[in-house]
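Enquirer:
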Amino acid sequence: MKRVGVIGGGQLAWMMGKAAKKLGVDLIVQTPNPADPAVKTASSTIFATIDDINATKRLAKECDIITFENEFVDLEQLFLLEQQGVCFHPNLIILKRLLDKYHQLSYFQSQSLPTPQFFPLDAEINSSQIKYIEEKFGFPLVIKARRHGYDGQGTFIINSIEEFKLKLASLQFQPNEFLVEEFVYFTKELAIIAARAVNGDIVTYPVVETQQKQQVCRQVLTPAEIDESVLKEINQIAIKLLKSLGYVGILAIELFLTQSNKILINEIAPRTHNSGHFSLDACKTSQFEQHLRAICGLPLGSTKLICSCAVMVNLLGYEQSQNRYLEKLRQIEQLTQTHLHWYGKNQFYPGRKMAHATTLLSRTDRSKAMAIANQIEEIWYIS
Numbered sequence: 001m002k003r004v005g006v007i008g009g010g011q012l013a014w015m016m017g018k019a020a021k022k023l024g025v026d027l028i029v030q031t032p033n034p035a036d037p038a039v040k041t042a043s044s045t046i047f048a049t050i051d052d053i054n055a056t057k058r059l060a061k062e063c064d065i066i067t068f069e070n071e072f073v074d075l076e077q078l079f080l081l082e083q084q085g086v087c088f089h090p091n092l093i094i095l096k097r098l099l100d101k102y103h104q105l106s107y108f109q110s111q112s113l114p115t116p117q118f119f120p121l122d123a124e125i126n127s128s129q130i131k132y133i134e135e136k137f138g139f140p141l142v143i144k145a146r147r148h149g150y151d152g153q154g155t156f157i158i159n160s161i162e163e164f165k166l167k168l169a170s171l172q173f174q175p176n177e178f179l180v181e182e183f184v185y186f187t188k189e190l191a192i193i194a195a196r197a198v199n200g201d202i203v204t205y206p207v208v209e210t211q212q213k214q215q216v217c218r219q220v221l222t223p224a225e226i227d228e229s230v231l232k233e234i235n236q237i238a239i240k241l242l243k244s245l246g247y248v249g250i251l252a253i254e255l256f257l258t259q260s261n262k263i264l265i266n267e268i269a270p271r272t273h274n275s276g277h278f279s280l281d282a283c284k285t286s287q288f289e290q291h292l293r294a295i296c297g298l299p300l301g302s303t304k305l306i307c308s309c310a311v312m313v314n315l316l317g318y319e320q321s322q323n324r325y326l327e328k329l330r331q332i333e334q335l336t337q338t339h340l341h342w343y344g345k346n347q348f349y350p351g352r353k354m355a356h357a358t359t360l361l362s363r364t365d366r367s368k369a370m371a372i373a374n375q376i377e378e379i380w381y382i383s
């Protein structure tokens, strides 16, 4: 029996724990709080913060492989363990290329993959650099944190040179921890989940369309309604990235489809991802099972949809009390062909990912899928 360690104990590790039981894999998580979701599905838990290297040493002794739920890790400390023979998937050299968004974009460019224009900020910004940025990018433009940004955190859309200067002055970190990107006028935001096994086998999931509100993913529709040429290009991008990196595990790629039908890579996540949650109910093999299969040397599973179309809705926290959640969850569960996944978090606050619901449809109908997604949101946020 394989023993897999996971650094992190949130909902992604919780869903991985369920997949581990199906595969007969022991899953041990390193997470600080007994109330963290993954504690409920893990075989065992090491209670410690995810950057506690001594706890990770203990985790390594109990596992054959260590993987990650999120990117908030201390790579330099982990490299010391890798040098001692600890097996990480994805490996740490790959993570070092991907965790910093500037390094990500630079790597994409080195592989001749399409990206928005970007520029790293210096520790001290002078007037000539500001002028260069204004001339190169114009406005609006985007300022992004190079590390630790997610769900819109650390991303700022800037509409004027005055706003740019004010934002730089208000940053809590040095400017060189940020980069500037061109603002992309897109028609759709897309994503693809792909996996590569230890033996080099690769599978890709259906491309999805994501609906964002305030830079947070709220809805995911699969399959995305896009031209065959665009679909082919996205799959080629995913395969090229996995091969060139020598990646092992699940990888999520977020993309823009521009007004000229051009694909640009927004960013990637070296882990299971919110845009792949639909796979739990809509595919033969979920992204969580696939990740475990890939890193454990098991045959990769089928990524085919078991329905014609599916829509996933994130259910975010919006109040401090659990009282009204339970009633709303019951209403959502009663919808036809709708599968609810409640993460069991005991703290409720606005914007926190509390659950997701996926509805399966017997025929491809984008309008109907979006209507169902809006109905779920109306139950959750309005009723």
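Counted from 1, the sequence shown has number 292 at position 292 by full-length UniProt numbering; the numbering is strictly sequential. Just so you know, even glycine gets a beta-carbon here, dropped at the ideal spot from N, CA and C. This one's a predicted model, so the numbers in the text were calculated from it and none came from an experiment.
(1) Can you tell me whether E319 is buried or exposed, with buried defined as 16 or more other CB within 10 angstroms of its CB?
(2) Determine the closest residue to L361 out of S160, R352 and I372, with distance taken between C-alpha atoms.
(3) Return no unless some Cβ of chain B is closer than 9 Å to the Cβ of V86.
(4) Please classify G154: is it buried, with 16 or more other beta-carbons within 10 angstroms of its beta-carbon, or exposed?
(5) Output needed for A197: all residues of its chain with C-beta closer than 6 Å, excluding positions within five of it in sequence on either side, in chain order.
(6) Taking buried to mean at least 16 other C-beta atoms within 10 Å of its own C-beta, is P90 buried or exposed?
(7) Which runs of the beta strand (DSSP E), 3 residues or longer, sit entirely within the stretch 282-352?
(8) Looking at the structure shown, is K243 part of a helix, part of a strand, or coil, going by DSSP?
(9) According to DSSP, A252 sits in a beta bridge with which residue or residues?
(10) Could you give the first and the last residue of the continuous alpha helix (DSSP H) run that contains K368?
(11) When we look at the beta-carbon of N314 and count the other beta-carbons within 10 Å, is it buried (16 or more) or exposed?
(12) Tell me whether L251 is buried or exposed, calling it buried when 16 or more other Cβ atoms sit within 10 Å of its Cβ.
(13) Can you have a look at P34 and say buried or exposed, based on whether 16 or more other CB atoms are within 10 angstroms of its CB?
(14) Assuming L179 and L98 are in contact, meaning their beta carbons sit under 8 Å apart, how far apart are those beta carbons, in whole angstroms?
(15) The alpha helix (DSSP H) with G5 in it runs from where to where?
(16) To which residues does DSSP link H356 through a beta bridge?
(17) Count the other CB atoms within 10 Å of the CB of F288; is the residue buried (16 or more) or exposed (fewer)?
(18) For L245, does the count of other Cβ atoms within 10 angstroms reach 16, so buried, or fall short, so exposed?
(19) Pair every Cβ in the stretch 72-91 with every Cβ in the stretch 102-111, then say whether three or more of these pairs are closer than 8 Å.
(20) Report yes if the CB atom of I202 is closer than 9 Å to the CB atom of S279, and no otherwise.
(21) Would you call the stretch 3-13 in contact with the stretch 33-50, where contact means no fewer than 3 C-beta pairs closer than 8 Å?
(22) Exposed or buried, S302, counting other C-beta atoms within 10 Å across all chains shown (16 or more means buried)?
(23) Which value, in whole angstroms, describes the spacing of the CA atoms of Q375 and L221?
(24) Please look up how many angstroms separate the CB atoms of A42 and G17, rounded, as I've assumed it's under 8 Å.
(25) When the Cα atoms are used, what is the spatial distance from P175 to E225?
(26) Taking the C-alpha atoms as reference points, what is the distance between N266 and I332?
Expert: With the structure as the only source:
(1) Residue 319 sits at position 319 when you count from the first residue of the sequence shown. E319 comes out exposed.
(2) Residue mapping note: residue 361 aligns to position 361 of the sequence shown, counting from 1. Shortest Cα-Cα distance from L361 to any of S160, R352 and I372 involves I372.
(3) Among the protein chains of the structure shown there is no chain B, as only one such chain exists.
(4) Stepping through the sequence shown from its first residue, residue 154 is reached at position 154. So G154 counts as buried.
(5) By one-based count along the sequence shown, residue 197 stands at place 197. Hits under 6 Å: A294 and L300.
(6) Indexing the sequence shown from 1 puts residue 90 at position 90. Within 10 angstroms of the beta-carbon of P90 lie 16 or more other beta-carbons, which makes it buried.
(7) The DSSP assignment places complete beta strand (DSSP E) segments of no fewer than 3 residues inside the stretch 282-352 at 309-316 and 338-342, in order along the chain.
(8) Along the sequence shown, one-based indexing puts residue 243 at 243. For K243, the three-state secondary structure derived from DSSP is helix.
(9) Here residue 252 refers to the residue found at position 252 when the sequence shown is read from its first residue. According to DSSP, A252 bridges with I193 and A269.
(10) As a first step, residue 368 must be located in the sequence shown, where it is residue number 368. Where K368 is concerned, the enclosing alpha helix (DSSP H) starts and stops at R366 to E377.
(11) Your numbering for residue 314 matches position 314 in the sequence shown. Burial of N314 is indicated by the presence of at least 16 other C-beta atoms within 10 angstroms of its C-beta.
(12) Locating residue 251 in the sequence shown gives position 251, counting from the first residue. In this structure L251 is buried. Its beta-carbon is surrounded by 16 or more other beta-carbon atoms within 10 angstroms.
(13) By one-based count along the sequence shown, residue 34 stands at place 34. Residue environment: P34 is assigned as exposed (fewer than 16 neighbouring CB atoms within 10 Å of its CB, all protein chains considered).
(14) Your numbering for residue 179 matches position 179 in the sequence shown. Your numbering for residue 98 matches position 98 in the sequence shown. Contact doesn't hold; Cβ gap of about 14 Å is too wide.
(15) Numbered from its first residue, the sequence shown carries residue 5 at position 5. It is not in any alpha helix (DSSP H) - G5 instead sits in the beta strand (DSSP E) that spans R3 to I7.
(16) By 1-based counting over the sequence shown, the position of residue 356 is 356. Per DSSP, the beta-bridge partners of H356 are N314 and H341.
(17) What you label residue 288 is simply residue 288 of the sequence shown in a count that begins at 1. Answer is buried; the Cβ neighbour count reaches 16.
(18) Here residue 245 is taken as the residue at index 245 of the sequence shown, counted from 1. With 16 or more Cβ atoms within 10 Å of its Cβ, L245 is classed as buried.
(19) With a cut-off of 8 Å, the stretch 102-111 and the stretch 72-91 do not count as touching, because too few Cβ pairs lie within range.
(20) Position 202 of the sequence shown, counted from the first residue, corresponds to residue 202. Position 279 of the sequence shown, counted from the first residue, corresponds to residue 279. Remark: C-beta atoms of I202 and S279 do not approach each other more closely than 9 Å.
(21) Because the criterion of three Cβ pairs below 8 Å is met, the stretch 3-13 and the stretch 33-50 touch.
(22) The residue labelled residue 302 in the question sits at position 302 within the sequence shown. Within a 10 Å sphere around the beta-carbon of S302 sit fewer than 16 other beta-carbons, which makes this residue exposed.
(23) Here the question's residue 375 lines up with position 375 in the sequence shown. Here the question's residue 221 lines up with position 221 in the sequence shown. Taking the straight line from one Cα to the other gives about 14 Å.
(24) To locate residue 42, count along the sequence shown from 1; it is residue 42. To locate residue 17, count along the sequence shown from 1; it is residue 17. Correct: roughly 5 Å between the Cβ atoms.
(25) Here residue 175 refers to the residue found at position 175 of the sequence shown. Here residue 225 refers to the residue found at position 225 of the sequence shown. Their Cα atoms are separated by approximately 39 Å.
(26) Sequence index remark: in the sequence shown, residue 266 carries index 266 (1-based). Sequence index remark: in the sequence shown, residue 332 carries index 332 (1-based). The alpha-carbon separation between N266 and I332 amounts to approximately 32 Å.
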